Amino acid sequence: MTVKDLKIGQEAQIFAFSDKALGHHLVEMGVVPGETITIERIAPMGDPIAIRVSNLLLCIRKQEASAILVQLPSPAH
Amino acid sequence: MATEGLKVALIGNPNSGKSSLFNALTGMNQKVGNFPGITVDRKVGVFSAGKRKVHLVDLPGTYSLEPRSLDERVAAEAITLTKHPEHPNLTLIVVDATHLKLGLYLALQVIETGMPSILVLNMMDQLAASKITINIPAIASELGIPVLATNARKPEGIAALRDAIAHHDLARPTAKWAATITANQGSLERHTVIRDILAKTTAGTEPTKRTVTQRLDDILTHRIWGLVIFFALLVVVFQSIFSWASYPMEWIEMGFSSGAELWHRILPPSFLTSLWIEGIWAGLGGVVIFIPQIAFLFLFIALMEDTGYMARVSFITDKALRKFGLQGRSVVPLMGAVACAVPAILATRTISNWKERLLTILVLPFMTCSARLPVYVLLIALVIPQGHFLGIVGYQGMAMLGMYMLGTVTALGAAWVVSKFIANDGPNHFIMEMPVYRAPRWSNIAIDIARKVTMFVTHAGKIIVVISVFLWLGASFGPSERFEKIDRDYATLAAAPQADTVALARLKSADQLENSYIGILGHAIEPAIAPLGYDWKIGIALITSFAAREVFVGTMATIYAVGDSEDVTTIRQKMQARTKPNSTAPLYDLPFGLSLLVFYAFAMQCVSTIAVVKSETGTWKWPILQLFGMTGLAFVSAWVVYRVAQFFVG
């Protein structure tokens, strides 16, 4: 599952990147495997999207979002 | 007291308040310019810290020492290359205290290079508003460098910072964590180190309720309201450059006219006097008159950048502009160009991606600027019929609207074409931080505007004055035998009883223009422009319009001996009265009008634009390419339009 598939406000945990160069760039900006990521909003024309990681709001294109692999948190016990 | 010179650099993320800190430390002791060889803003200032005389350079904002754009490369190389002209003795790493994790990444990299540093935790007031606390001594101990807290806006903490700079021992720091950073996984390992440090030195959690920024964004990036507000803002920007700026522009014009009269009174008539008054002084006036428009455009852009709204502009417009090879930030300069390309080109500095900036600079002169309006008004009134389409929409109004659309469509189309030919700056990832909304810092904005205006006057200004003087020389002087004959002929006519000296003076000016060097050139190019439907009179006007498009109207006024160049009606009447040789058909007919309209839409006829493109791209290559490319397109298009129109009308 990738960030592109998430719904607005849905929390997920980053676990890998399918594009190495993009992944490196994202890590430098604090988008690190293990962190929680959510889609905060979508631009009026459907692209790009604003994602929140910790307290940082980043704007990325849907194409880039599809390279961020995530897993949904397991249901609380 | 011996003074020691010290080179200090400011490095940090964009939006970390670096420029406020720079202004707080240097006050007005700043110089503007470019980094050598490239057009990236170079801000340098001086201040004293104890016995040290500090030369402070504000490096472009960056997130990492691995650069992804021209801007970031400048910052990275200044730190990592010891031979770099801006390589500092000491670096101030500015970090936004509310985005510590992000800022520490760059800080770790800088310390790893062994650069003597001080960490400046800025925006402490914002931190106080959240529930998070930072143990500053603990961070200093973890990083191995001094750490200070500041609020650059107020400003607070600046005296302590100056003190720390005065007494720093300039010893190279050791990065305690260096052993854990490998070449392959460096970025991830650095984040592990950061996580550790934050765990030991910070406490508290983010508040969970919706913040002011989030609530504002709900409106400002709303599918409908976001776009509406955005377009409304573009209209305001346009209005300010198009009409509000016209008031100070009128005062400047009056000022320079009065100045010219004064010079006429105190200087004896001579070639040098004319050169000074009509060449150089007039040329200077032509430069200064842009200042109000530049100031207004930069005021709005600075406000949008400073408050954080500009990132939202990119967010909203990115998808639409991407189709043409442009990105979000191009939209404000493109809109500004509808008023005037000169401030708009200067405004492209905010676009950090070099390819996008260059592309925007190259195509924005196609946008219909206000200088083209007098030409369009004259030509449309001359050749477009006055009726209404279906009784509702006027043909002339439609023609004007059509010209605006032609400009916009051509700009976007040209961007699409040219973008295929320019190489990319680096990987084309669009990853942009959307900062928290902040109140604008008016003193920073004022300093910024002053800086931009100064750069325009000193760089582009020189080129504009030089070319204006050459054009004036070409239009005012010609082969001496011809000019002497004109003087003799008109002296005879004026001596006659009942001579209308005013009309005679105008006819004399017309004759002088026709026999000047530019007049001769106009005759010479007639064979080349005849296929487009133009005669040598239009030829002269085309050459003089090279200075500025609106000069066309003034030149036609002189040629047709109309006293007042604002008297468009009389100019038009005289032009309508002209007939083709051996015919009663008007010389300036519909095909001619359409052809010339298209020519003016596409041709590069603006010395000031050429001058700013040169100063903003750092080379003559691009403005020359624009000149030939745009004018070539104008030539071909005008020819096609003329032939096609003749086929349908003729």
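Residue numbers (my numbering), protein chains in the order written: chain D, 1 to 77; chain C, 78 to 727.
We put the CB at the ideal spot given by N, CA and C, even for glycine.
As the structure is a computational prediction, the values presented were derived from the model and not from experiment.
Please go through the same chain and pick out, in chain order, the residues whose beta-carbon is closer than 7 Å to the beta-carbon of C/Leu238, but skip the five residues on each side of it.
Position 161 of the second sequence, counted from the first residue, corresponds to residue 238 of chain C. Contacts found: Val197, Leu225 and Thr227.
C/Met707 and C/Met681: beta carbons closer than 8 Å?
Position 630 of the second sequence, counted from the first residue, corresponds to residue 707 of chain C. Position 604 of the second sequence, counted from the first residue, corresponds to residue 681 of chain C. Result yes, Cβ atoms of C/Met707 and C/Met681 sit closer than 8 Å.
In the DSSP output, what is C/Glu81 paired with across the bridge?
Along the second sequence, read from residue 1 onward, the residue named residue 81 of chain C stands at position 4. BP columns for C/Glu81 point to C/Arg129.
For C/Glu81, which residues in the same chain have their Cβ closer than 8 Å to its Cβ, ignoring the five residues on either side in sequence?
Along the second sequence, one-based indexing puts residue 81 of chain C at 4. Excluding residues within five positions, the ones whose Cβ falls inside 8 Å are Lys128, Arg129 and Lys130.
The stretch 413 to 420 of chain C touching the stretch 119 to 128 of chain C, judged by at least three CB pairs closer than 8 Å:
no
Can you list the residues of chain C that D/Val78 reaches, using a CB-CB cut of under 8 Å?
Because residue 78 of chain D is not part of the residues shown, which for chain D are 1 to 77, the question remains open.
Can you list, in chain order, the residues of its chain with a C-beta nearer than 6 Å to that of D/Ser66? Leave out the 5 residues immediately preceding and following it.
Position 66 of the first sequence holds residue 66 of chain D. Hits under 6 Å: Thr2 and Lys4.
Assuming the contact rule is C-beta atoms closer than 8 Å, C/Gly464 and C/Tyr453 should be a hit. Round their C-beta distance to whole Å, please.
Counted from its first residue, the second sequence places residue 464 of chain C at position 387. Counted from its first residue, the second sequence places residue 453 of chain C at position 376. Actually they do not touch by this definition, with Cβ atoms about 18 Å apart.
Closest by CA to C/Leu102, which one among C/Pro232, C/Ile188 and C/Glu154?
Looking up residue 102 of chain C in the second sequence gives position 25. Closest by alpha carbon: C/Pro232.
Among C/Asp641, C/Arg649 and C/Gly484, which has the Cα closest to the Cα of C/Leu710?
The residue you call residue 710 of chain C lines up with position 633 of the second sequence. When each option's Cα is compared against that of C/Leu710, the closest is C/Gly484.
Endpoints, alpha helix (DSSP H) assigned at C/Asn521:
By one-based count along the second sequence, residue 521 of chain C stands at place 444. Run containing C/Asn521: Trp519 to Met532, per the alpha helix (DSSP H) assignment.
Indicate whether C/His268 and D/Leu22 have their beta-carbon atoms separated by less than 8 Å.
What you label residue 268 of chain C is simply residue 191 of the second sequence in a count that begins at 1. What you label residue 22 of chain D is simply residue 22 of the first sequence in a count that begins at 1. In this structure, D/Leu22 does not lie closer than 8 Å to C/His268 by Cβ.
Going by DSSP in three states, D/Glu64 sits in which element: helix, strand or coil?
As a working mapping, residue 64 of chain D is identified with position 64 in the first sequence. The answer is helix: DSSP assigns D/Glu64 an H, G or I state.
With DSSP run on the structure shown, which of helix, strand or coil describes C/Glu338?
The residue you call residue 338 of chain C lines up with position 261 of the second sequence. The answer is helix: DSSP assigns C/Glu338 an H, G or I state.
Members of the stretch 125 to 152 of chain C near chain D, C-beta cut-off 9 Å
Tyr140, Ser141, Glu143 and Arg145
Kindly list, in the order they appear in chain D, the residues whose Cβ is closer than 7 Å to that of C/Ile393.
On the second sequence, position 316 is the one that residue 393 of chain C refers to. Residues of chain D passing the Cβ test: Ala43 and Pro44.
Can you find a C-beta in chain D that's less than 8 Å from the C-beta of C/Glu283?
Locating residue 283 of chain C in the second sequence gives position 206, where the first residue counts as 1. Yes, C/Glu283 lies at the interface with chain D (some Cβ there is under 8 Å from its Cβ).
Going along the chain, which residues of the stretch 369 to 400 of chain C sit with their C-beta nearer than 8 Å to a C-beta in chain D?
Ala388, Ser391, Phe392, Ile393, Asp395, Lys396 and Ala397
Should the stretch 187 to 201 of chain C be called in touch with the stretch 22 to 40 of chain D, which here means at least 3 C-beta pairs below 8 Å?
no
In chain C, which residues lie with their C-beta within 8 Å of the C-beta of D/Val27?
For the purposes of this step, residue 27 of chain D is taken as residue 27 along the first sequence, with counting starting at 1. In chain order: Ser264, Leu265 and His268.
Neighbourhood of C/Thr298 by C-beta distance below 8 Å, restricted to the same chain and skipping five residues each side:
Working through the second sequence from its first residue, we reach residue 298 of chain C at position 221. Answer for C/Thr298: Arg389, Phe392 and Ile393, listed in chain order.
Option nearest C/Ala241 by Cα separation, candidates C/Gly362, C/Gly360 and C/Leu169
As a first step, residue 241 of chain C is located in the second sequence; it is residue number 164 there, counting from the start. That would be C/Leu169, whose Cα lies nearest to the Cα of C/Ala241.
Note down the Cα distance separating C/Val726 from C/Val675, rounded to an integer number of angstroms.
In the second sequence, counting from the first residue as 1, residue 726 of chain C sits at position 649. In the second sequence, counting from the first residue as 1, residue 675 of chain C sits at position 598. Distance between the alpha carbons of C/Val726 and C/Val675: 17 Å.
Give a yes or no on whether the C-beta atoms belonging to C/Val408 and C/Ile378 are separated by under 8 Å.
For the purposes of this step, residue 408 of chain C is identified with residue 331 of the second sequence, where counting begins at 1. For the purposes of this step, residue 378 of chain C is identified with residue 301 of the second sequence, where counting begins at 1. No, these two residues do not count as a Cβ contact at 8 Å.
Where are the alpha helix (DSSP H) runs, 4 residues long or more, that stay fully inside the stretch 426 to 481 of chain C, in chain order?
431 to 440 and 449 to 460
What does the alpha-carbon distance come out to for the pair C/Phe730 and C/Leu311?
Residue 730 of chain C lies beyond the stretch modelled for chain C, which goes from 78 to 727, so this question has no answer here.
Kindly identify the DSSP beta-bridge partner or partners of C/Val171.
Taking the first residue of the second sequence as 1, we reach residue 171 of chain C at position 94. C/Gly89 and C/Val197, per the DSSP bridge assignment.
Give me the chain D residues within the contact set of C/Arg406, using Cβ-Cβ distance strictly less than 7 Å, ordered along the chain.
Against the second sequence, residue 406 of chain C aligns to sequence position 329. Correct list: empty, because the minimum Cβ distance to chain D is about 12 Å.
Could you tell me whether the Cβ atoms of C/Asn521 and C/Ser96 are closer together than 8 Å?
In the second sequence, residue 521 of chain C corresponds to position 444, counting from 1. In the second sequence, residue 96 of chain C corresponds to position 19, counting from 1. Yes, they are a contact pair.
Over what stretch of residues does the alpha helix (DSSP H) that includes C/Arg239 continue unbroken?
Within the second sequence, the letter at position 162 stands for residue 239 of chain C. Here the alpha helix (DSSP H) through C/Arg239 covers Ile235 to His244.
Relative to the alpha-carbon of C/Thr384, which residue among C/Trp519, C/Pro137, C/Ile343 and C/Ala276 has its alpha-carbon at the smallest distance?
Counted from its first residue, the second sequence places residue 384 of chain C at position 307. Out of C/Trp519, C/Pro137, C/Ile343 and C/Ala276, C/Trp519 has the C-alpha closest to the C-alpha of C/Thr384.
Take C/Val639 and list the residues in its own chain whose beta-carbon comes closer than 6 Å to its own, dropping the five residues that flank it on each side.
Residue numbering aside, residue 639 of chain C sits at position 562 when the second sequence is read from its first letter. So the qualifying residues of the chain are Thr647 and Ile648.
Helix, strand or coil at D/His77 [DSSP, three-state]:
For the purposes of this step, residue 77 of chain D is taken as the residue at position 77 of the first sequence. Confidence in D/His77 is poor, its pLDDT being 49 and thus under 50, which makes the residue's placement too unreliable to answer from.
Which residue from C/Val534, C/Val630 and C/Lys160 puts its Cα closest to that of C/Leu361?
In the second sequence, the residue the question calls residue 361 of chain C occupies position 284. It is C/Val534.
Quick check: what's the CA-CA separation for C/Val628 versus D/His25?
Locating residue 628 of chain C in the second sequence gives position 551, counting from the first residue. Locating residue 25 of chain D in the first sequence gives position 25, counting from the first residue. Spanning the two alpha carbons is a distance of roughly 51 Å.
Using a beta-carbon distance below 8 Å, is D/Ile37 in contact with chain C?
Numbered from its first residue, the first sequence carries residue 37 of chain D at position 37. By this cut-off, D/Ile37 is not an interface position.
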